[in-house]
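Structure, as structure tokens:
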């Protein structure tokens with residue numbers, strides 16, 4: 298099993314550009330999450346999904362969109378990138394709520 | 100929003116020393132998880148504590164959940180350079196029909212050889 302994979306590893310965007318961060322898991326987990334991690338700020342939940350076709354907002358959803366058309370994939374879309382979205386983005390999955398979350402290696406995004 | 104305060108924020112010690120990291124909140128959690136994160140990688144789960152007063156040991160690491168399920172501590176005995184990393188606590192809370200993890204800001208531990 299590859300676990301949770303994220304692409305790209307690094308990306309630089311100009312203000313106003315758009316991009317999609319990819320996340321795939323091969324563990325057949327129903328629950329998937331997107332977090333952002335800013336220096337000294339821990340992890341903040343952006344969006345989550347409890348299964349294919351079901352998504353919901355987390356703590357900091359503004360400026361982002363998600364979709365969950367399959368169990369395996371949970372892409373995060375940034376529209377009109379802003380410098381405030383400079384961060385490291387982590388995708389995670391879990392087989393059930395309250396148990397271990399498995400994290401991907403992260404995508405480091407810089408918006409200039 | 101449930102707030103988890105971790106202290107200290109930074110800790111630099113010599114190999115062989117003992118240390119304790121704290122995770123405190125005014126909220127009650129269903130359970131609490133501790134993760135360790137190394138540079139350039141995602142967090143990896145160390146332990147989950149569920150019952151108030153619970154103590155779990157993982158080799159030289161001892162985790163305790165407060166009796167009221169509002170706080171937790173991580174104690175490392177005889178720290179080694181391999182313990183270096185960012186330690187994150189995360190509390191599980193119920194929001195509607197779903198549970199979500201709330202993360203603390205983390206304690207960055209450096210163990211010098």
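Protein chains in written order, with our numbering: chain A, 298 to 409; chain B, 100 to 212.
Built from N, CA and C at the ideal position, the CB exists for glycine as well.
None of the values given here were measured: they were computed from a predicted structure.
Where residue i falls, given that 16 or more other Cβ within 10 Å makes a residue buried
i	result
residue 329 (chain A)	buried
residue 400 (chain A)	buried
residue 175 (chain B)	buried
residue 167 (chain B)	exposed
residue 343 (chain A)	buried
residue 179 (chain B)	exposed
residue 205 (chain B)	buried
residue 148 (chain B)	buried
residue 350 (chain A)	exposed
residue 318 (chain A)	buried
residue 170 (chain B)	buried
residue 146 (chain B)	buried
residue 107 (chain B)	exposed
residue 157 (chain B)	exposed
Residue from the options with nearest C-alpha to residue i
i	options	result
residue 139 (chain B)	A:389, A:402, A:353, A:394	A:402
residue 406 (chain A)	A:311, A:345, A:300, A:302	A:311
residue 357 (chain A)	A:386, A:301, A:315, A:371	A:386
residue 142 (chain B)	A:394, A:301, A:363	A:301
7 Å Cβ cut-off: residues of chain B touching residue i
i	result
residue 373 (chain A)	Here the premise fails: no neighbours, minimum Cβ distance about 15 Å.
Contacts that residue i makes with chain A (C-beta to C-beta distance below 9 Å)
i	result
residue 115 (chain B)	The contacting residues do not exist; residue 115 (chain B) stays about 28 Å from chain A at best.
Amino acids of chain A, ordered along the chain, whose beta-carbon sits closer than 7 Å to that of residue i
i	result
residue 197 (chain B)	347, 394
Neighbouring residues, chain A, relative to residue i (Cβ below 8 Å)
i	result
residue 104 (chain B)	What residue 104 (chain B) touches in chain A: nothing, since even the nearest Cβ is about 10 Å away.
Where in the stretch 126-197 of chain B do unbroken runs of the alpha helix (DSSP H), each at least 4 residues long, occur, reported from the N-terminal end onward?
-> none
Return the chain-ordered ranges of every alpha helix (DSSP H) run that is complete within the stretch 331-357 of chain A and spans a minimum of 4 residues.
-> none
Pairing CB atoms from the stretch 113-132 of chain B with CB atoms from the stretch 360-372 of chain A, are three or more of them under 8 Å?
-> no
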